[in-house]
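Inspection log for the structure reproduced underneath, given as structure tokens.
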């Protein structure tokens, strides 16, 4: 296809987009839609230790998409 993709190191290439959504059901639905459209699962939807429910998929062109909840104003749990 003529494109060079950044190599992945573990579960990331270091380049991607985080789409913040309202709740877990929306994360689950977007994950299923992305994988159904040919995306490669990296993280299945799960509650992370910092308090956000998130998933990550790499699209067929190699771009990372993370979809998750966002808790503005609330302390992160590191």
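In the numbering used here, the protein residues as written are 28 to 105.
C-beta: ideal position from N, C-alpha, C; glycine also.
Start and end of the alpha helix (DSSP H) containing residue 59?
51-63
Would a C-beta distance cut-off of 8 Å place residue 27 and residue 81 closer than the cut-off?
With the chain covering only 28 through 105, there is no way to say anything about residue 27.
For residue 95, list the residues DSSP reports as bridge partners.
47 and 81
Just to confirm, does residue 64 get its C-beta within under 7 Å of one of the non-hydrogen atoms of the ligand NAD?
With respect to small molecules bound, the structure shown includes none, and the ligand NAD cannot be examined in it.
Going by beta-carbon coordinates alone, are residue 44 and residue 92 separated by less than 8 Å?
yes
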